[in-house]
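Written below as C-alpha cells is the structure these notes are about.
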Amino acid sequence: MRDMPPLVSGNIDLLRGHPSTRLLATSQIADAAAVVLNAPSLPVDSYTVIRHPLHYASEMGNRDVRGEIARWAGERYGLREEIGLERILMTSGASFGLMNVLMHCTSPVTGYTKQAFLISPAYFLAAKVFEDAGFTNKLTAISSTATSIDLPSLRRHLHHLNATTPDIPLSAGLVPISHDGAAPKRIYKYVLYCVPTYSNPTGQTWDLATRRELVQLAREFDVLLVSDDVYDFLGNEGDKCALGEDGRLLPRLVTVDREIMEEEGELEQGAGFTVSNCSFSKLLGPGLRCGWIETATSVLAEQIGHGGANISGGNSSHFVSTLIHHVVKTRAIDAIITTLRQTYTSRSGAIAAAIRAHLPAGTEICGGHGGFFMWVGLPPGYDARKIVRMAEEQGEEGGGVRVMSGDMTECPGERNRMGWGDRWVRITVSYCEEEEAVEGVRRLGAAVERWRAGPGCL
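In terms of the UniProt record's numbering, the sequence shown opens at residue 1 and continues consecutively.
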C-alpha cells in the first residue's frame, strides 16, 4: 500500500473540487522552468510571434505554444483535421476564459443579448461569472438528463423570448463594447453555458445526438454555446461513456460546429456558434491559471484575444504557458493524465462501493465514469439538507464529512429552482485519498442513521 497521511481527526472534505496535492505536476513544472529559462536560444525581440518568457506576450499567446497545444489536443481527440493555431487563444484558465467570452461576445446590458441559459444542476460558481458580466436576472435553467438536456424546453424558451422580447439593433448592442473605426464584433442574441463531458456536478456525459441537435438549435436562434471542456481527458480506465462508436472521444460542440460550417460553406467568413473553454487546471494544477480557448474559425478567438487588456499587457498566461509548452511538447503531460485516470478510476470505484455499503437502499449514483464528481441521490423521503448539516456537525464527536448540498447547484432565481437540495449531494473524487474518501462516505451514512433516528423521520 502506498504511503499516505493518516486520516484527519476533523472533517473529511468531499466537497472541494480540487486535485490532491500529491497529484499536482510539481516536478514537471520545476523541470520545465529550468529548461525554458536556461535555454541558450531564448528569443530576444519582444515583438516576434515567439517571445521571451519574461517579456510582454502577444495578444493571442506565443505561436509555438498555441501550435503545440493544437497538435496535442488533436491527438487526444483523434481528430482527422488539424486544429489551426489561429483558432487557439491562451487564457488564464477556464473561469477567466468564460468571463472574456461574455465580455467580448455578448451585450446583455443593452438588451441585444436577451438571455443566458445554464444547465441545471449547474457548476455553482459559473453563475457568478454571468452576473458579473451583466446577466443578473437574465439567467434561465435548463434541466439535464443522464445523457442529454431538455432540448424541447430550451426551444420553447427561445421561441417565447423571441416573441416577447424586442430586438435591439446591432449598432446599439455594440455601443458599450466597441469604438469608432473598429471592425464590428460578432455578438449573440443568447448564450448557453455547459459542461458536456463528465459534467460538474453530475459527472454525466451528453451523447452525440444531443451535441448535434444543440448546435443546430444554436444556429437557428443565434445562441453562443460556451462549453467547459475541462474533464474530457479524465475518463476512467476502460469506461466508454465519453467515446463514440469509432473509439475516439466524443466530438466537442466546437468540432460539430466546424463540421456543419464546412458543409454549409461558411468556414471562410463565419464565426460559428461555439467556444471550447479548456484548462490545464484539472491536469497539471489549478494554481498555474493557464488554459486555452478553441473556436470554430479564427473570428471569435481573435475577437476575444484582441481585447484591450491583452493589447495593453499581453496575453495574461504568457510565462506559465511557456512552461506548459515544454510539458506538452515532451508529452510528459500524457503520463500525468495516465496517472490521474488510474487514480480517479480506483477512487470512484471505492467510493461507489462505499455508497452502496453505507447509504440507504435505493440511493442513486450518477457519474463516477470520469472527471471529478459523483452525484448522489438519497431515496425519496430523506432530507438531504438536514443530513448534510448533520454530517458536518459530527466533527465535535470524532470527525464529520463535508459534501456539497444540491442547493448549491441551483441556477439563481426562484423560478429556476429545481429542488436539487431535497435529495441530492455532490461527492468529489479528486481531492481525498481513497481510504479517506471511503471513511467520509461511511460518516455520511452515519449521519443518515442519526437523521432517521430523530423525531418525525422515516
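For every residue, glycine included, the Cβ atom is placed at its ideal position computed from N, Cα and C.
Can you tell me which of the options puts its alpha carbon nearest to the alpha carbon of residue i?
i	options	result
G111	G272, E131, I427 and F135	F135
R51	H318, A70 and S95	H318
A218	T205, A34, T274 and G399	T274
G238	T147, T338, I149 and T295	T338
L125	V195, K189, V441 and T343	V195
S298	G291, V223, L323 and E268	E268
S95	S321, L340 and V230	V230
Y193	S178, Y123 and R248	Y123
T343	S143, E245 and G235	G235
V215	E393, G203 and Y190	Y190
P201	R80, V223 and T145	T145
E131	A437, P412, R426 and E436	P412
G203	A335, D228, S41 and P166	D228
N416	A32, P121, R212 and A39	P121
A209	G244, P43, R289 and F233	G244
R256	V65, Q303 and E294	First, the residue type needs correcting, since residue 256 is Val and not Arg in the sequence shown. The option with the nearest alpha carbon to V256 is E294.
A350	N315, M374, A335 and P43	M374
D31	I333, D407 and E392	I333
M408	L250, H325 and A127	A127
A133	I119, L98, S143 and T164	L98
A335	I168, F233 and P169	F233
I177	L85, G93 and V109	V109
What separation, rounded to the nearest whole angstrom, lies between the Cα atoms of residue i and residue j?
i	j	result
G377	H18	22 Å
A301	G381	49 Å
S348	G368	6 Å
K282	I83	22 Å
T207	Y47	Checking the displayed sequence, the identity of residue 207 turns out to be Asp instead of Thr. Approximately 44 Å, taken between the alpha carbons.
G10	Y431	16 Å
A141	F372	22 Å
R385	L139	24 Å
residue 470	R258	Residue 470 falls outside the range modelled here, since the chain spans only 1 to 458, and no answer is possible.
G78	I69	14 Å
G291	A453	48 Å
G421	C366	15 Å
P184	G399	58 Å
V327	E433	25 Å
P166	R63	43 Å
C278	V254	12 Å
R356	E364	9 Å
T330	V35	12 Å
R341	A352	16 Å
S405	V441	14 Å
W424	V175	43 Å
residue 467	T147	No answer is possible for residue 467: the residues shown for the chain start at 1 and end at 458.
residue 475	T26	Residue 475 is absent from the structure shown; the chain starts at 1 and stops at 458.
S20	E436	12 Å
P455	R289	48 Å
P152	F117	14 Å
T205	N38	43 Å
G305	G173	20 Å
D150	L42	52 Å
G67	A182	28 Å
E81	E264	17 Å
V49	G419	51 Å
G287	R16	15 Å
S346	V401	20 Å
V388	V429	17 Å
D383	C457	9 Å
R2	S199	In this prediction, R2 has a pLDDT of 39, which is less than 50 and means its spatial position is unreliable; what the coordinates show is noted afterwards. Going by the C-alpha atoms only, they are around 30 Å apart.
E410	N137	14 Å
F280	L154	31 Å
So, under 8 Å CB-CB, residue i and residue j are touching, yes? Tell me the CB distance rounded to an integer number of Å.
i	j	result
M261	G247	Wrong, their Cβ atoms sit about 25 Å apart, outside the cutoff.
L323	I88	The pair is not a contact, with the Cβ atoms about 17 Å apart (cut-off 8 Å).
V223	A354	About 40 Å; that fails the 8 Å criterion.
L14	V403	5 Å
I12	R426	Contact doesn't hold; Cβ gap of about 14 Å is too wide.
Q115	R186	In fact, because the Cβ distance is near 18 Å, the residues do not count as touching under 8 Å.
H113	Y188	Residue identity check: residue 113 is Thr in the sequence provided, not His. Between Y188 and T113 the Cβ distance is about 6 Å, and since that is below 8 Å, they are a contact.
Subject >> the segment 99-108 contacting the segment 148-161, beta-carbon criterion three pairs below 8 Å >> reply: no
**OP:** Please go through the segment 379-438 and give each complete beta strand (DSSP E) segment of 3 or more residues, from N-terminal end onward.
**Re:** 424-428
Original post:
Taking contact to mean at least 3 C-beta pairs separated by less than 8 Å, is the segment 63-75 in contact with the segment 347-360?
Top reply: no
Original post:
Which ranges does the beta strand (DSSP E) cover as unbroken runs of at least 3 residues, wholly within the segment 338-370, from first to last along the chain?
Top reply: 364-367
Original post:
Is the segment 49-62 touching the segment 291-310 in the sense that three or more CB pairs, one from each, lie closer than 8 Å?
Top reply: yes
Subject >> beta strand (DSSP E) segments (min. 3 residues) lying fully within the segment 74-158 >> reply: 88-91, 115-120 and 139-143
Subject >> Cβ contact check for the segment 437-451 and the segment 240-250: 3 or more pairs under 8 Å >> reply: no
Subject >> Ordered list of beta strand (DSSP E) runs contained in the segment 238-314, each at least 3 residues >> reply: 274-279 and 291-295
Original post:
Taking the runs of the beta strand (DSSP E) that are 3 residues or longer, which of them lie wholly in the segment 11-61?
Top reply: none
**OP:** Just list the beta strand (DSSP E) runs in the segment 162-219, keeping only unbroken ones of 3 residues or longer that don't cross its boundaries, in chain order.
**Re:** 190-194
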